[in-house]
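Trainee: Protein chains in written order, with numbering that gives the first Met the number 0: chain A, 0 to 263; chain B, 0 to 152.
Glycine is no exception: its CB is placed at the ideal position from the N, C-alpha and C atoms.
Note that this is a predicted model, so its numbers are computed, not measured.
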Amino acid sequence: MYDFNFHRPKSLRKAAAILAENEEAKLIAGGQTLLPTMKQRLAAPSDVVDLSAISGLSGIELKGRKLQIGAMTKHYDVATSQVVREALPALADLAGMIGDPAVRNRGTIGGSVANNDPAADYPAACLALNATIVTNKRRMTADEFFTGLFDTALEEGEIITKVIFPLPKRAAYAKFRNPASRYAMAGVFVSKRGREVRVAVTGAGSDGVFRLTQAEEMLSKRFSEKALKDLTVDPDGLVGDIHGSAEYRANLVAVMTRRAVAAA
Amino acid sequence: MAMTMTDSYDLPASREVVWEALNDPEVLKGCIPGCESFERTEEGGFAAVATVKVGPVKAKFKGDVTLSEIDPPNGYRISGQGSGGVAGFAKGGAVVKLTDAEGGGTTLTYDVEANIGGKLAQLGQRLINGSAKKLADEFFDNFRKAVEEKSAA
């Protein structure tokens, strides 16, 4: 790694000020993406701003019909939380499937959401549950927040503080993971809340996480696997790489959607 | 690793206007995502510096760009190679063709063939195609705006 200045501010305001003063500064949460990237010298920020000393950024809280998760909450804590397990078991399952134990014990929900890796798991949950992403400046719905491959609506100097999930009536996540990286080759999160059905796909879209509106329409009529019997997914716009062609992924998306609905 | 990419864009301007823009270093500089400089060299090509930012990766590429098979106002081949230091290197070219679009305007078609090597290729494999498409879209969104301005002027 190259030399850099390390900061460990105690408040969001101080963290934001450091970001504003240093154009090449980067925030670090769990560091599971940034550190490997820096070690490979594919990124060389002048300043690294560690968020771990700021109080109030981690923790899980159930408020009425909403589950609030602090941005610095680790995947392991979500996966093993009794509160999440009871209120939104699909999310606990998802957190338990992320990466490997090292990633789960260091990686955070805020980091995952801010990075918006096209194969990350949390973006699918946020989009399918229509989560609200709260920052030091404003609140955004997941539909507004995820804007494309590695792209979000976050502005320079904006810091995610928590993610709020409205509780669905039914939800599940089905993931076909790459056996080496454990990244999703296709991961599908389905949810039903009131009359609204949402289906979000990660790992397969070449522009990152997206909603499978075709399946949403079929499931709004009847939320069952049978409603999906005619579901075929168009490979156009899906990722084709050494792990699988776009056609293969299109089929995986359809299969994972059926499995998620069966499990919900 | 080798990469190919083909796409076309409709631009609201005549072929002559689009052709002029495609040969204007100032326009290209303004359109290339992250481009810091784009200058004519004595050999008739261009020297370019651009910072490529995709997710956590940020690498500064320095390279040379040359134009060949120049056929005004129908198209050219643009080729280049660049080095991003330890991040890796990229080398490749694109055939750009201009045709009259149905209902006015110009259709620009490109056909890219590129090779990417070094750490970027090793680590970024699952990301390179998506990222390349995204950078191309960004370029052509900018280019469309530039051409619209030229057309209006």
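Roughly how many angstroms lie between the CA atoms of residue 63 of chain B and residue 71 of chain B, to the nearest whole one?
Mentor: If you take the alpha carbons of residue 63 of chain B and residue 71 of chain B, they lie about 22 Å apart.
Trainee: Chain B beta carbons: is any one of them nearer than 7 Å to that of residue 3 of chain A?
Mentor: Taking Cβ atoms only, chain B never reaches closer than 7 Å to residue 3 of chain A, which makes this a no.
Trainee: Locate the alpha helix (DSSP H) running through residue 6 of chain A, then write down its first and last residues.
Mentor: First-last for residue 6 of chain A: 4-6, but that is the beta strand (DSSP E), not the alpha helix (DSSP H).
Trainee: Does residue 140 of chain A come within less than 7 Å of chain B when only Cβ atoms are used?
Mentor: False, the Cβ-Cβ gap to chain B never drops below 7 Å.
Trainee: Please report whether the beta-carbon of residue 54 of chain B lies at a distance below 7 Å from any beta-carbon of chain A.
Mentor: For residue 54 of chain B, the answer is yes, since a Cβ of chain A falls inside 7 Å of its Cβ.
Trainee: For chain B, find out if any of its Cβ atoms is closer than 7 Å to the Cβ of residue 160 of chain A; answer yes or no.
Mentor: False, the Cβ-Cβ gap to chain B never drops below 7 Å.
Trainee: Using a Cβ distance threshold of 8 Å, determine whether the segment 240-259 of chain A contacts the segment 159-178 of chain A, with at least three qualifying pairs required.
Mentor: Judged by Cβ distances under 8 Å, the segment 240-259 of chain A makes contact with the segment 159-178 of chain A, as three or more pairs qualify.
Trainee: I'd like to check one pair, residue 234 of chain A with residue 214 of chain A: are the Cβ atoms closer than 7 Å?
Mentor: Not in contact: residue 214 of chain A and residue 234 of chain A (Cβ atoms no closer than 7 Å).
Trainee: Give me the Cα-Cα distance between residue 55 of chain A and residue 181 of chain A, rounded to the nearest whole angstrom.
Mentor: Between residue 55 of chain A and residue 181 of chain A, the C-alpha separation is close to 30 Å.
Trainee: Any Cβ of chain B within less than 7 Å of the Cβ of residue 257 of chain A?
Mentor: No, no contact with chain B.
Trainee: Is it the case that the Cβ atoms of residue 93 of chain A and residue 124 of chain A are separated by a distance below 7 Å?
Mentor: A contact, by the Cβ cut-off of 7 Å.
Trainee: Verify whether the separation of the beta carbon atoms of residue 44 of chain A and residue 25 of chain A is less than 7 Å.
Mentor: Yes, Cβ-Cβ distance for residue 44 of chain A and residue 25 of chain A is below 7 Å.
Trainee: From residue 65 of chain A to residue 113 of chain A, what distance separates their C-alpha atoms?
Mentor: Each residue's alpha carbon lies about 21 Å from the other.
Trainee: Between residue 85 of chain B and residue 227 of chain A, what straight-line distance do the alpha-carbon atoms span, to the nearest angstrom?
Mentor: Their Cα atoms are separated by approximately 48 Å.
Trainee: Using DSSP bridges, identify the partner residues of residue 213 of chain A.
Mentor: Per DSSP, none; premise fails for residue 213 of chain A.
Trainee: Where does residue 64 of chain A sit, in a helix, a strand or coil, going by DSSP?
Mentor: It is coil, neither helix nor strand.
Trainee: Can you have a look at residue 37 of chain B and say buried or exposed, based on whether 16 or more other CB atoms are within 10 angstroms of its CB?
Mentor: Buried, because 16 or more other Cβ atoms sit within 10 Å of the Cβ of residue 37 of chain B.
Trainee: Identify every residue that forms a DSSP beta bridge with residue 8 of chain B.
Mentor: In the DSSP output, where bridge partners are listed per residue, residue 8 of chain B has B:107.
Trainee: Strictly by DSSP, which residues pair up with residue 190 of chain A?
Mentor: Bridge partners of residue 190 of chain A: A:170 and A:197.
Trainee: Taking the straight line between their C-alpha atoms, what separation do you get for residue 7 of chain B and residue 116 of chain A?
Mentor: About 27 Å.
Trainee: Determine the extent of the beta strand (DSSP E) in which residue 64 of chain B is found, giving its start and end residues.
Mentor: Residue 64 of chain B -> beta strand (DSSP E) spans 56-70.
Trainee: Tell me which residues of the segment 90-118 of chain B have at least one Cβ-Cβ distance to chain A shorter than 9 Å, keeping chain order.
Mentor: Hits within the stretch, in order: 118.
Trainee: Can you grab the Cα-Cα spacing for the pair residue 108 of chain A / residue 74 of chain A, in whole Å?
Mentor: About 7 Å.
Trainee: With respect to the beta strand (DSSP E) encompassing residue 132 of chain A, which residues constitute its N-terminal and C-terminal limits?
Mentor: Start and end: 131-134.
Trainee: Measure from the alpha carbon of residue 51 of chain A to the alpha carbon of each residue in A:164, A:158, A:247 and A:165, then state which is nearest.
Mentor: When only C-alpha atoms are compared, the closest one is A:158.
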